[in-house]
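>
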Amino acid sequence: MKHNGLTRFVLIFVAMFMVGMAPTVQARTCSNATAAGTWAFAVTGTFFFPSPIGAVPLVNLGIFRSDQSGNVGGSETRNVGGAVREETITGTLSLDPDCTGTLIARAFNPSSGALIGTAIAKIVLDDNGRHMQALITVELDSNGDPFPGVLSGAGERVFAEDEDGCTLSSLKGSWASSINGTIIGVGPIAVLGVTKFDGDGHFSMDATTNLHGNVSSNQTTGTYTVNQNCTGTTMDSIGNSSALVIVGDGKEIIAVSTKQGLVATLRLKKQGDLHPFPEPHP
32 MKHNGLTRFV LIFVAMFMVG MAPTVQARTC SNATAAGTWA FAVTGTFFFP SPIGAVPLVN
92 LGIFRSDQSG NVGGSETRNV GGAVREETIT GTLSLDPDCT GTLIARAFNP SSGALIGTAI
152 AKIVLDDNGR HMQALITVEL DSNGDPFPGV LSGAGERVFA EDEDGCTLSS LKGSWASSIN
212 GTIIGVGPIA VLGVTKFDGD GHFSMDATTN LHGNVSSNQT TGTYTVNQNC TGTTMDSIGN
272 SSALVIVGDG KEIIAVSTKQ GLVATLRLKK QGDLHPFPEP HP
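Position one of the sequence shown corresponds to residue 32 (the working numbering), numbered consecutively onward.
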């Protein structure tokens with residue numbers, strides 16, 4: 032009898048606990064307000080032009096701000112087949128309770144204000160609303176006609192050290208660095224190395240490069256800029272340049288090449304203080 036009474040008490044307690052938890056679980060849903068804030072985004076993929084041009088790689092890097100109502104505004108650097116241009120962005124973002132949704136972005140020429148094109152993307156938020164994954168499902172040209180391509184991307188919350196924003200010193204330190212892309216007319220390129228920023232606008236990079244199957248070691252130096260909104264640029268000693276955004280609580284950089292003829296994405300992660308990894312207990 033005592034055993035049955037204890038069991039009954041435990042079951043009642045668990046049931047009451049689950050009922051009490053239900054509103055909390057149900058409350059953890061997404062809305063447009065969940066995505067409010069500043070985001071950096073990177074898009075990679077391929078456009079399919081009529082013959083004889085054919086498939087052309089592209090990369091985009093941008094920054095946008097979404098408000099509580101889902102209104103979006105920002106700018107991006109687009110690199111299509113090595114041809115680079117700047118664009119402004121307006122649009123809307125809508126999220127369903129399961130944190131999936133739709134992002135509609137219209138790109139404009141910042142000088143003339145002319146519409147360049149429209150992209151419609153399916154999006155999913157993860158990592159407690161800090162990260163966004165995207166698949167572009169529709170791409171329209173300036174006339175509203177479909178433009179075929181396969182594009183996907185991801186977004187990260189933009190880092191700001193404090194209310195004053197980012198500065199040159201935000202990048203000070205050593206960063207593990209990787210580059211992946213294509214040199215038009217030459218072939219694919221992949222780079223892995225370490226980049227050191229001095230906090231005063233200068234950097235150096237020691238790297239191993241694989242260009243179309245030919246591997247070499249090299250060192251480059253250069254300069255960099257950082258804007259208050261955590262965007263910036265790099266320019267190295269051999270003419271390579273990039274546009275960047277600082278994300279991941281200041282511990283990550285996403286970037287795209289802005290050198291004509293080079294279509295590539297760059298990702299840098301801060302190394303920090305590296306210590307021996309503890310051995311597991313037997």
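Ideal Cβ placement from N, Cα and C applies to all residues, glycine included. Model, not experiment: these values are computed from the prediction.
#1: From residue 226 to residue 176, what distance separates their C-alpha atoms?
#2: Are residue 103 and residue 287 close, meaning C-beta to C-beta below 8 Å?
#3: Report the rounded CA-to-CA distance for residue 52 versus residue 65, giving the unit in angstroms.
#4: Confirm, please, whether the CB-CB distance from residue 94 to residue 262 is below 8 Å.
#5: With C-beta atoms as the reference, is residue 236 less than 8 Å away from residue 254?
#6: Looking only at its own chain, which residues have a Cβ that is under 7 Å from the Cβ of residue 201, when we skip the five neighbours before and after it?
#7: Using a beta-carbon distance below 8 Å, is residue 157 in contact with chain D?
#8: Could you compute how far the alpha carbon of residue 161 sits from the alpha carbon of residue 136?
#9: Closer than 8 Å by C-beta to residue 145: which residues in its own chain qualify, once you throw out the five before and the five after it? Chain order, please.
#10: On the DSSP bridge assignment, give the partners of residue 157 in chain order.
#11: Can you say whether residue 285 is buried or exposed, counting buried as having 16 or more other CB atoms within 10 angstroms of its CB?
#12: Would you kindly report the start and end of the unbroken beta strand (DSSP E) that includes residue 91?
#13: Any heavy atom of the ligand SAH closer than 7 Å to the CB of residue 119?
#14: If you reduce the DSSP assignment to three classes, tell me which class residue 253 lands in.
#15: Work out the CA separation of residue 100 and residue 178 for me, nearest whole Å.
#16: In terms of DSSP beta bridges, what is residue 245 paired with?
#17: Taking its Cβ as the centre, do 16 or more other Cβ atoms sit within 10 Å of residue 113, making it buried, or is it exposed?
#18: Do residue 186 and residue 80 have their C-beta atoms within less than 8 Å of each other?
#19: For residue 302, which residues of its own chain have a beta-carbon under 8 Å away from its beta-carbon, when the five flanking residues on both sides are left out?
#20: Rounding to the nearest angstrom, what Cα-Cα distance links residue 127 and residue 184 in this structure?
#21: Here's the rule I'm using: 16 or more other beta-carbon atoms within 10 Å means buried, otherwise exposed. How should residue 296 be labelled?
#22: Check each candidate in 182, 169, 85 and 86 and name the one with the smallest Cα separation from residue 364.
#23: Between residue 169 and residue 131, which are expected to be in contact by the criterion C-beta below 8 Å, what is the C-beta distance as a whole number of angstroms?
Inspection of the coordinates gives the following:
#1: If you number the sequence shown from 1, residue 226 lands on position 195. If you number the sequence shown from 1, residue 176 lands on position 145. Approximately 43 Å, taken between the alpha carbons.
#2: Your numbering for residue 103 matches position 72 in the sequence shown. Your numbering for residue 287 matches position 256 in the sequence shown. Cβ distance not < 8 Å, so residue 103 and residue 287 don't count as in contact.
#3: Your numbering for residue 52 matches position 21 in the sequence shown. Your numbering for residue 65 matches position 34 in the sequence shown. Unreliable placement is indicated for residue 52, whose pLDDT of 46 sits below 50; the coordinate value is still reported in the next sentence. Looking at the two C-alpha atoms, the distance is approximately 21 Å.
#4: Position 231 of the sequence shown, counted from the first residue, corresponds to residue 262. Position 63 of the sequence shown, counted from the first residue, corresponds to residue 94. Yes, the pair counts as a contact, with Cβ atoms nearer than the cut-off.
#5: One-based indexing of the sequence shown puts residue 236 at position 205. One-based indexing of the sequence shown puts residue 254 at position 223. Cβ atoms of residue 236 and residue 254: not closer than 8 Å.
#6: As a first step, residue 201 is located in the sequence shown; it is residue number 170 there, counting from the start. 192, 257, 277 and 281.
#7: In the displayed structure, chain D is absent; only one protein chain is listed.
#8: One-based indexing of the sequence shown puts residue 161 at position 130. One-based indexing of the sequence shown puts residue 136 at position 105. Near 20 Å, if we compare the C-alpha coordinates of residue 136 and residue 161.
#9: Position 114 of the sequence shown, counted from the start, is the residue given in the question as residue 145. Taken in chain order, the residues that qualify are 139 and 173.
#10: Locating residue 157 in the sequence shown gives position 126, counting from the first residue. Residue 157 pairs with 162.
#11: As a working mapping, residue 285 is identified with position 254 in the sequence shown. Buried, since its Cβ has 16 or more Cβ neighbours within 10 Å.
#12: Locating residue 91 in the sequence shown gives position 60, where the first residue counts as 1. Where residue 91 is concerned, the enclosing beta strand (DSSP E) stretches over 85-97.
#13: Judged by which ligands are present, the structure shown has none, so any question about the ligand SAH falls away.
#14: As a working mapping, residue 253 is identified with position 222 in the sequence shown. It is a strand residue.
#15: Residue numbering aside, residue 178 sits at position 147 when the sequence shown is read from its first letter. Residue numbering aside, residue 100 sits at position 69 when the sequence shown is read from its first letter. Computed Cα separation, rounded: 29 Å.
#16: Here residue 245 corresponds to residue number 214 of the sequence shown, with the count starting at 1. DSSP lists 242 as partners of residue 245.
#17: In the sequence shown, residue 113 corresponds to position 82, counting from 1. Buried, because 16 or more other Cβ atoms sit within 10 Å of the Cβ of residue 113.
#18: Residue numbering aside, residue 186 sits at position 155 when the sequence shown is read from its first letter. Residue numbering aside, residue 80 sits at position 49 when the sequence shown is read from its first letter. Not a contact, by the Cβ cut-off of 8 Å.
#19: Counted from its first residue, the sequence shown places residue 302 at position 271. The residues are 204, 205, 206, 207 and 225.
#20: Locating residue 127 in the sequence shown gives position 96, counting from the first residue. Locating residue 184 in the sequence shown gives position 153, counting from the first residue. So the alpha carbons of these two residues sit roughly 19 Å apart.
#21: Stepping through the sequence shown from its first residue, residue 296 is reached at position 265. Buried, because 16 or more other Cβ atoms sit within 10 Å of the Cβ of residue 296.
#22: Because the chain is modelled from 32 through 313, residue 364 falls outside the range shown and cannot be assessed.
#23: Taking the first residue of the sequence shown as 1, we reach residue 169 at position 138. Taking the first residue of the sequence shown as 1, we reach residue 131 at position 100. Taking a contact as a CB-CB distance under 8 Å, the pair residue 169 and residue 131 does not count as one, their CB atoms being some 16 Å apart.
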